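Novice:
Residue numbers (the numbering used here): 347 to 689.
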């Protein structure tokens, strides 16, 4: 009886969602349209920001956003949707780090696993924002990476962007899941994880339950020019992920569930997008949050685009993240065309 009560207490205290990844401060710089333009290939597949070299150019305004980054964004999304959510990350003990910690606490994210460091600066990225899209100048500080978890395994790990010195942490995560199969792994690779590819991160891909990337990232990971999303998902599934979700910007998203491929259109914008940072993070973390709340993968696919739509109405990756009540109201009011269809 005592043992049963102890086990019941562990389950009750089990964290729903633990995100693992680097946290950053985003400095948004709104570029002035009179002094900046873009050039694109004829198919608009690749575009570049252009401005006079060596000039002093006016910009519209700047805005600083604290405690962002793929995993930090995911932890906030999960908390707002009603899950118990924690973040494993590193911060400097500088002013930026203190403001990041306060921001996460304000969003009810459990910060017990966050390490602060005296001699390392908090990551800071610069977001060159033009029209509705952006180019981000990134720099990941060389933090020491550890996995500060005991045996009270969370229901979900959400692993995303980590610095170049984080490679061994990925092996630690895979080993942890081998010992704790009750913990599901969601993987949304960031810059270095994408370049490492599937072979170097074989242990992570093997243990991944749900994998997220966009179409261009899938091509980069697989080192292929293949454009068919269905084929890309099938190629990724060979490496182990059970469910693969590939987004394709305003064209929508695709999910391979191990048997079939499904297409999900975007949720219609309430008004034209203002700034697109964090749309992918909102999509992926909302999908996993829906699964953690008991939804099926196809139901989760209905939830995910709604948070993405909301995020692009605001500056930064978190201001537009929704509560569960608001998200479900938007879903209830969706048109009959907003549905999952077999691809």
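Note that the Cβ used here is the ideal one computed from N, Cα and C, for glycine as well. Given the structure is predicted, the values throughout are model-derived calculations rather than measurements.
1) Can you tell me where the alpha helix (DSSP H) holding residue 549 begins and where it ends?
2) Where does residue 482 sit, in a helix, a strand or coil, going by DSSP?
3) Please determine if the region 498-518 and the region 439-450 are in contact, where contact requires at least 3 C-beta pairs separated by less than 8 angstroms.
4) Taking 8 angstroms as the threshold, find out whether the region 369-378 comes into contact with the region 403-413 through three or more Cβ pairs.
5) Compute the distance between the beta-carbons of residue 368 and residue 469, then report whether it is under 7 angstroms.
6) To the nearest angstrom, how far is it from the Cα of residue 518 to the Cα of residue 481?
7) Identify every run of the beta strand (DSSP E) within the region 394-450, keeping only runs that are complete inside it and at least 3 residues long; order them along the chain.
8) Rounded to a whole number of angstroms, what is the C-alpha to C-alpha distance between residue 383 and residue 396?
9) Give a yes or no on whether the C-beta atoms belonging to residue 423 and residue 361 are separated by under 7 angstroms.
10) Ordered along the chain, which non-local residues of its own chain (more than five positions away) have a Cβ less than 6 angstroms from that of residue 553?
11) In the DSSP assignment, the alpha helix (DSSP H) including residue 471 goes from what residue to what residue?
12) For residue 435, collect the residues of the same chain with a Cβ closer than 6 angstroms to its Cβ; drop the 5 residues on either side in sequence, then sort them by chain order.
13) Could you round the C-beta distance between residue 596 and residue 614 to whole angstroms and report it? I think they count as a contact, below 8 angstroms.
14) According to DSSP, is residue 632 part of a helix, a strand, or is it coil?
15) Cα separation between residue 550 and residue 516?
16) Going by DSSP, what residue range makes up the alpha helix (DSSP H) through residue 567?
17) Return the CA-CA distance between residue 542 and residue 593, expressed in angstroms with no decimal places.
18) Are three or more beta carbon pairs between the region 661-677 and the region 574-594 nearer than 8 angstroms?
19) I think residue 584 touches residue 634, with their Cβ atoms under 8 angstroms apart; what is that distance to the nearest whole Å?
20) Residue 479 and residue 622 - do their beta-carbons sit closer together than 7 angstroms?
21) With DSSP as the reference, label residue 489 as helix, strand or coil.
22) Cβ atoms of residue 608 and residue 686: under 7 angstroms apart, would you say?
23) What would DSSP say about residue 644, mapped onto helix, strand or coil?
24) For residue 638, I'd like the list of residues in its chain whose CB is within less than 8 angstroms of its CB, leaving aside the five on either flank, ordered along the chain.
25) Measure the alpha-carbon distance for residue 545 versus residue 582 and round it to whole angstroms.
26) Which same chain residues end up closer than 6 angstroms to residue 412 when comparing Cβ atoms and leaving out the 5 residues on each side of it in sequence?
27) Can you tell me whether residue 368 is helix, strand or coil according to DSSP?
28) Any idea if residue 561 is buried or exposed, counting beta-carbon neighbours within 10 angstroms, 16 or more meaning buried?
29) Taking the C-alpha atoms as reference points, what is the distance between residue 647 and residue 601?
Specialist: Put simply:
1) Residue mapping note: residue 549 aligns to position 203 of the chain shown, counting from 1. Note, residue 549: alpha helix (DSSP H), 548-553.
2) Start at 1 with the first residue of the chain shown, and residue 482 comes out as number 136. In this structure, residue 482 counts as strand in the three-state DSSP scheme.
3) The answer is no - the region 439-450 does not touch the region 498-518, with fewer than three Cβ pairs under 8 angstroms.
4) yes
5) As a working note, residue 368 is residue 22 in the chain shown. As a working note, residue 469 is residue 123 in the chain shown. In contact: residue 368 and residue 469 (Cβ atoms closer than 7 angstroms).
6) Reading the chain shown from its first residue, position 172 is the one you call residue 518. Reading the chain shown from its first residue, position 135 is the one you call residue 481. Those two C-alpha atoms are separated by around 32 angstroms.
7) Entirely contained in the region 394-450, the beta strand (DSSP E) runs reaching 3 residues are, in chain order, 405-414, 431-434 and 436-438.
8) Reading the chain shown from its first residue, position 37 is the one you call residue 383. Reading the chain shown from its first residue, position 50 is the one you call residue 396. Approximately 5 angstroms between the Cα atoms of the pair.
9) Residue mapping note: residue 423 aligns to position 77 of the chain shown, counting from 1. Residue mapping note: residue 361 aligns to position 15 of the chain shown, counting from 1. No; because the gap between Cβ atoms is not below 7 angstroms, this pair is not in contact.
10) The count along the chain shown starts at 1 and reaches residue 553 at position 207. Answer for residue 553: 520, 523 and 531, listed in chain order.
11) Here residue 471 corresponds to residue number 125 of the chain shown, with the count starting at 1. Not the alpha helix (DSSP H): residue 471 falls in the beta strand (DSSP E), residues 469-476.
12) Along the chain shown, read from residue 1 onward, the residue named residue 435 stands at position 89. Non-local beta-carbon contacts of residue 435 in its own chain, meaning distances under 6 angstroms to residues more than five positions away in sequence, involve 369 and 460 in chain order.
13) Mapped onto the chain shown, residue 596 falls at position 250. Mapped onto the chain shown, residue 614 falls at position 268. The Cβ separation is near 11 angstroms, so there is no contact.
14) Translated into positions along the chain shown, residue 632 becomes position 286. In the three-state reduction of the DSSP assignment, residue 632 falls in the helix class, which pools H, G and I.
15) Counting from 1 along the chain shown, the entry for residue 550 is found at position 204. Counting from 1 along the chain shown, the entry for residue 516 is found at position 170. Answer to the nearest angstrom: the Cα atoms are 7 angstroms apart.
16) Counting from one through the chain shown, the residue named residue 567 turns up at place 221. Note, residue 567: alpha helix (DSSP H), 561-568.
17) Residue mapping note: residue 542 aligns to position 196 of the chain shown, counting from 1. Residue mapping note: residue 593 aligns to position 247 of the chain shown, counting from 1. Approximately 21 angstroms, taken between the alpha carbons.
18) no
19) Taking the chain shown and counting its residues from 1, one reaches residue 584 at position 238. Taking the chain shown and counting its residues from 1, one reaches residue 634 at position 288. Rounded, the Cβ-Cβ distance is 22 angstroms, inconsistent with contact.
20) Within the chain shown, the letter at position 276 stands for residue 622. Within the chain shown, the letter at position 133 stands for residue 479. Cβ atoms of residue 622 and residue 479: closer than 7 angstroms.
21) Locating residue 489 in the chain shown gives position 143, where the first residue counts as 1. Of the three classes helix, strand and coil, the one that applies to residue 489 here is coil, per DSSP.
22) As a first step, residue 686 must be located in the chain shown, where it is residue number 340. As a first step, residue 608 must be located in the chain shown, where it is residue number 262. Yes; because the gap between Cβ atoms is below 7 angstroms, this pair is in contact.
23) One-based indexing of the chain shown puts residue 644 at position 298. If DSSP states are grouped into helix, strand and coil, residue 644 belongs with the helices.
24) What you label residue 638 is simply residue 292 of the chain shown in a count that begins at 1. Closer than 8 angstroms at the Cβ level, and outside the excluded window around residue 638, lie 362, 363, 424, 429, 501 and 502.
25) The count along the chain shown starts at 1 and reaches residue 545 at position 199. The count along the chain shown starts at 1 and reaches residue 582 at position 236. Their Cα atoms are separated by approximately 12 angstroms.
26) Reading the chain shown from its first residue, position 66 is the one you call residue 412. Only 371, 445, 446 and 449 meet the Cβ criterion.
27) For the purposes of this step, residue 368 is taken as the residue at position 22 of the chain shown. If DSSP states are grouped into helix, strand and coil, residue 368 belongs with coil.
28) Reading the chain shown from its first residue, position 215 is the one you call residue 561. Classification of residue 561: buried, given that the 10 Å Cβ count is 16 or more.
29) Taking the first residue of the chain shown as position 1, residue 647 is located at position 301. Taking the first residue of the chain shown as position 1, residue 601 is located at position 255. The straight-line gap from Cα to Cα measures roughly 8 angstroms.
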